[in-house]
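Chemist: Be aware that the sequence shown starts at 3, since it is given in the numbering used here, and climbs by one per residue.
Ideal placement from N, C-alpha and C gives every residue a C-beta, glycine not left out.
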Amino acid sequence: MAKYIFVTGGVTSSLGKGIISASLAKLLQARGLKVTIQKFDPYINVDPGTLNPYEHGECYVTEDGAETDLDLGHYERFLNIFTSQANNVTTGRIYQTVINKEREGAYLGKTVQVIPHITDEIKRRMLLLGKDGYDIVITELGGTVGDIESLPFIEAVRQLQWELPDEDCLVVHLTLVPYLKAAKELKTKPTQHSVKLLSQEGVNPDIIVCRTERPLSPELRRKIALFCNVKPDAVIEAADAPTIYEVPLTMMREKLDQICLKKLDIKTFNEPELGKWKEFLDKLKYPKNKINIGLIGKYIELQDAYKSILEAFVHAGAVNECSVNVVNIHSEFISAENVEEKLSTLDGLLVAPGFGLRGIEGKILAVKYARENNLPFFGICLGMQMSVIEFARNVLNLKNAHSTEMDVNTPNPVIDLMEEQKKITAKGGTMRLGAYPCELKEGSIAQQVYQKSQISERHRHRWEFNNAYLDAFEEHGMIASGKNPESGLVEIVELKNHPYFVGVQYHPELKSTVESPHPLFVSFIKAAKEFNETKNSKKKPLLQGEMM
Ligand code: GLN
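#1: Would you identify the three-state DSSP class for G59, choosing helix, strand or coil?
#2: H463: beta carbon under 7 Å from a heavy atom of the ligand GLN?
#3: With a threshold of 7 Å on Cβ separation, who are the neighbours of K292 within its own chain once the five nearest residues in sequence on each side are excluded?
#4: Please work out which residues of its chain come closer than 7 Å, Cβ to Cβ, to V451, disregarding the five sequence neighbours upstream and downstream, and give them in chain order.
#5: Apart from the five residues just before and just after A4, which ones in its own chain have a Cβ nearer than 6 Å to its Cβ?
#6: Judging by CA-CA distance, which residue of I298, L351 and T113 is the nearest neighbour of I331?
#7: Indicate, with yes or no, if the ligand GLN has a heavy atom lying under 7 Å from the CB of P510.
#8: Buried or exposed: which applies to Q23, given that a residue is buried once 16 or more other Cβ atoms fall within 10 Å of its Cβ?
#9: Within its chain, find whatever has a CB closer than 8 Å to the CB of G2; leave out the 5 residues flanking it on each side and keep chain order.
#10: Near H509, which residues of its chain fall below 8 Å by C-beta distance, leaving aside the five closest residues on each side in sequence?
#11: Which residue from K498, E422, I209 and E334 puts its Cα closest to that of M480?
#12: Tell me whether the beta-carbon of L359 lies closer than 8 Å to the beta-carbon of M433.
#13: What does a CB cutoff of less than 7 Å around E553 pick up in its chain, not counting 5 residues either side in sequence?
#14: Is there contact here, the region 84-102 with the region 45-61, by at least three beta-carbon pairs under 8 Å?
#15: Can you tell me whether S337 is buried or exposed, with buried defined as 16 or more other CB within 10 angstroms of its CB?
#16: Does DSSP put K103 in a helix, a strand or coil?
#17: If we ignore side chains and look at the alpha-carbon of each, how far apart do T146 and V9 end up?
#18: Taking all protein chains shown into account, do 16 or more other C-beta atoms lie within 10 angstroms of the C-beta of W164, making it buried, or fewer, making it exposed?
#19: Going by DSSP, name the residue or residues bridged to E78.
#20: Any heavy atom of the ligand GLN closer than 7 Å to the Cβ of G356?
#21: Have a look at A158, Q456, Y438 and M386 and flag the residue whose alpha-carbon is nearest the alpha-carbon of F503.
#22: Are there three or more Cβ pairs, one per stretch, closer than 8 Å when the region 369-379 is compared with the region 343-354?
#23: Between the beta-carbon of Y247 and the beta-carbon of L200, is there less than 8 Å?
#24: I'd like to know whether the C-beta atoms of S483 and K528 end up nearer to each other than 8 Å.
#25: Are three or more beta carbon pairs between the region 247-266 and the region 213-232 nearer than 8 Å?
#26: Contact between the region 111-126 and the region 154-161 is defined here as three or more beta-carbon pairs at a separation below 8 Å; is this criterion met?
#27: Could you give the distance in angstroms between the alpha-carbon of E392 and the alpha-carbon of L304?
#28: How would you write the range of the alpha helix (DSSP H) that E496 sits in, first residue to last?
#29: If you pair each beta-carbon of the region 470-479 with each one of the region 273-288, do three or more pairs fall below 8 Å?
#30: Check whether the Cβ of E421 sits closer than 7 Å to any heavy atom of the ligand GLN, and report yes or no.
#31: With DSSP run on the structure shown, which of helix, strand or coil describes A227?
#32: Which residues in the same chain as I7 place their Cβ atom closer than 6 Å to its Cβ, once the five residues preceding and following it in sequence are excluded?
#33: Leaving aside the five residues before and after Q423 along the sequence, list all residues of the same chain whose C-beta is less than 6 Å from its C-beta, in chain order.
#34: Measuring from the CB of L384, is there a heavy atom of the ligand GLN at a distance below 7 Å?
#35: Measure the alpha-carbon distance for M550 versus F84 and round it to whole angstroms.
#36: What did DSSP end up calling E535 once you bin it into helix, strand or coil?
Next comes the structure, spelled out in structure tokens:
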């Protein structure tokens, strides 16, 4: 029988509910329990697949092809497990199910209402993963307590608290304890208010986790406990951490896991086994080198848009014991005149995934620079497609070569819409999504990096390398080193005469975790480190007394 932990948020958004949930899950997993996490989002979209990154940050794709919230990325990175469609549920999906059932006549003439029909469907989904043999299912509720749209989710938790045995369910409430500079004091009133709001909705939290910039004194903890109906040891301090990967350890020091185990009456567990995690943290904290990686994209000002890529750099940097300084470069502002100036200090270049025309020519210029200057290059999805277009235009001399995504009338459609995509008109959930197998070419960089001949990676795209051009590309030195074994679709391209130039049609960043950093990121960072070392060794050594 699974036990359930619900995580709600109060006062403001962006407090890091996803990280707290993932950290708690990590600690419980480290104690030998089987744990998973799911996220319930209150918006009406059926999934975030149709949302602009400005609205919602990165869209995270699971093995089974679900387009989900980026918090699922944190869950996988922390827990080193796969999540699935069942781990992310939105109000839209709940309503869609209920309305479909109503159309089928499943409610037998009854009036279909928020309570009980919507809340029943929410509860059914909240308990669903509990049937898969987990000891603990953590459910993160998106949004902030008090939002109109999150009311049915809170109501479902209220009902479940009555339906489940007392020791099978608990609620953790994450709030903010702000520091007022003028008063030189931490303030507990916003926390009191948000807990009051939650109680008015029928849910009394068992544990209060307080995000704070300053340490909570015992006196303050007592005050929060008194006003919020919990014991003082159930008031947890979540101080700002230098990296999200530190949070499981700070939560362990605060005994968050122990309090949960006690309340859930779990008696069989081990001492936390976090050896690998701590080893990773040590490497992360004490790097031996530093390299600059250019991240070329069009949502550069919005860090959440490239979340998994940035985290994969952190994992791969730790393996290489070097700190990866990501230089964000907006593709719209790269021109033939400034490309050298913008890229010459880099040790590696990653061209990011994306959609649509904006910033495309800047990406192509950046690829050209990397190809011609032996700068380690890593292209992901749209980034790989740009490397193909650049090669077609500048090496194969195919005039105006393009992707039909950007130019439907291009005379040389080196990237074209996949056959199965041509009939599709609906946007939601219709891309080539989820895990597909890929066969690697003997002797290629890809094969050396993966140390395997068959791999599986996750996709999210509609366009593809046009195989009509493959021979011409291979003759001139850009080879297809990975292909789908059934369809022959090109999944990886690489350059023969370049130290490290790899473009992948899939999203390797989605499978990089703390305990299994992605081999392509690890090898890219290694290549960048080598580029940096050669660059530095070429620099004239300074004579004694000479100034830089
Ligand atoms: N827009 C491109 C396609 O759909 C690339 C997508 C991506 O980068 N995820 O094929």
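Modeler: Let me lay it out:
#1: In this structure, G59 counts as coil in the three-state DSSP scheme.
#2: Look at H463: its beta carbon is less than 7 Å from one of the heavy atoms in the ligand GLN.
#3: Taken in chain order, the residues that qualify are C324, S325 and N327.
#4: Only P521, L522 and S525 meet the Cβ criterion.
#5: Taken in chain order, the residues that qualify are G132, Y136 and V139.
#6: Answer by Cα proximity: I298.
#7: No, the beta carbon of P510 sits no closer than 7 Å to any heavy atom of the ligand GLN.
#8: Per the sequence shown, the amino acid found at residue 23 is Ser instead of Gln. S23 comes out buried.
#9: The question about residue 2 has no answer, for the chain in this structure spans 3 to 550.
#10: V63, S310, P355, I382, C383, E459, R460, H461 and R462, listed in sequence order.
#11: Among K498, E422, I209 and E334, the Cα nearest to that of M480 is on K498.
#12: At a Cβ-Cβ threshold of 8 Å, L359 and M433 do not count as neighbours.
#13: The requested residue 553 is not part of the displayed model; the chain covers only 3 to 550.
#14: The region 84-102 vs the region 45-61: in contact.
#15: An exposed status is given to S337, since fewer than 16 other beta-carbon atoms sit within 10 Å of its beta-carbon.
#16: Helix, per DSSP.
#17: In this structure, the alpha-carbon of T146 lies about 11 Å from that of V9.
#18: Per the 10 Å Cβ criterion, exposed.
#19: E78 is not bridged by DSSP to any residue.
#20: Yes.
#21: Among A158, Q456, Y438 and M386, the Cα nearest to that of F503 is on M386.
#22: Cβ pair count under 8 Å is three or more, so yes.
#23: The answer is no: Cβ separation not under 8 Å.
#24: Their beta carbons are not under 8 Å apart, which means S483 does not touch K528 by this criterion.
#25: No, they do not touch.
#26: The region 111-126 is in contact with the region 154-161.
#27: If I take the Cα positions, the gap works out to 26 Å.
#28: That residue, E496, is in no alpha helix (DSSP H); its beta strand (DSSP E) goes V492 to L497.
#29: The region 470-479 vs the region 273-288: no contact.
#30: Checking every heavy atom of the ligand GLN against the Cβ of E421, none is found closer than 7 Å.
#31: Helix, per DSSP.
#32: The residues are I140 and L172.
#33: Beyond the five residues adjoining it in sequence on each side, Q423 comes within less than 6 Å, by CB distance, of R464 in the same chain, given in chain order.
#34: Because some heavy atom of the ligand GLN lies under 7 Å away, the Cβ of L384 counts as near it: yes.
#35: Summary for M550: the model assigns pLDDT 43, below 50, so the residue's position carries little reliability; its value from the coordinates is reported in the next sentence. In this structure, the CA atom of M550 is about 50 Å from the CA atom of F84.
#36: Three-state result, E535: helix.
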